[in-house]
Amino acid sequence: LNKLLSGVGIYRLTENEKLISIMLKGKETPNRMTISYQFSIEGTNTPFSTDISDGLKSVLFPNKETWWGHGLIGMGHETTIFLRNTSHSPTKTKMSAGTLTIYTKANKKTFNIEVDAESLQVINLTDYTHEMEIDLSVKNFLSYIIKMDQPSCDTFWVSYDRVSGNVLGDHGY
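With our numbering applied, the sequence shown corresponds to residues 266 to 438, in that order.
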């Protein structure tokens, strides 16, 4: 952890970890610390990766309950949204319920979603395509909006192709 705090450390999640939460308190706590999520496709021979910038949120960070992003599905592409629910008071964090609305060129559909307190929900958008009549034999660009009932949530997304190793992503806006 000391290397991480000095700005030169790397923490890699193990296969059994889905989420790690780092909480810092005290007079020596930095007011800003950049975190970078780096994704690449395991088992492919490609130099491609994506780097999603994020950071620690101070207690002064404004509440947010809506996020949007976009992605690509079809022809081997998948988009995964990571919806996390963490707060500065982990014992007081509440389960959050809300909606995921997916927009494609042809239609839109809203789905109910939820995420437990102090956890991460992995949302694969192709799991929702059967209800939207999306043709996965072609590439489909889409957008999404997530609205949650708790301000302790945040999102980021990754689109990827397991065969080519192409990958892109960003945090939710």
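Glycine residues also receive a C-beta, built at the ideal position from the N, C-alpha and C atoms.
Top-ranked residue by Cα proximity to residue i, from the options
{"i": "I300", "options": "F313, R277, K292, T369", "result": "R277"}
{"i": "T315", "options": "L385, G437, V432", "result": "V432"}
{"i": "K412", "options": "G430, N281, G437", "result": "G437"}
{"i": "P327", "options": "N389, H353, S429", "result": "H353"}
{"i": "V387", "options": "S318, V428, N281, T345", "result": "T345"}
Residue burial classification, residue i (beta-carbon count within 10 angstroms, cutoff 16)
{"i": "S408", "result": "exposed"}
{"i": "N405", "result": "buried"}
{"i": "D435", "result": "buried"}
{"i": "D381", "result": "exposed"}
{"i": "S414", "result": "Reading the sequence as shown, one finds Asp at residue 414 and not Ser. It is exposed - the Cβ of D414 has fewer than 16 other Cβ atoms within 10 Å."}
{"i": "D400", "result": "exposed"}
{"i": "S417", "result": "buried"}
{"i": "H342", "result": "buried"}
{"i": "G363", "result": "buried"}
{"i": "T369", "result": "buried"}
{"i": "G308", "result": "exposed"}
Cα-Cα separation, residue i to residue j
{"i": "V403", "j": "L365", "result": "23 Å"}
{"i": "T331", "j": "D419", "result": "9 Å"}
{"i": "I306", "j": "P312", "result": "10 Å"}
{"i": "I378", "j": "S384", "result": "14 Å"}
Margin query: Could you check whether the stretch 419 to 437 touches the stretch 355 to 362, counting it as contact only if at least three pairs of C-beta atoms, one from each stretch, sit closer than 8 Å?
Written below: Contact between the stretch 419 to 437 and the stretch 355 to 362 is absent: fewer than three C-beta pairs spanning the two stretches fall below 8 Å.
Inset, instruction - Entirely within the stretch 343 to 408 and at least 4 residues each: give me those alpha helix (DSSP H) ranges in chain order. - result: Along the length of the stretch 343 to 408, whole alpha helix (DSSP H) runs at least 4 residues long do not occur.
Three or more C-beta pairs closer than 8 Å, one from the stretch 348 to 355 and one from the stretch 392 to 401: is that the case here? Contact fails: fewer than three Cβ-Cβ distances are below 8 Å.
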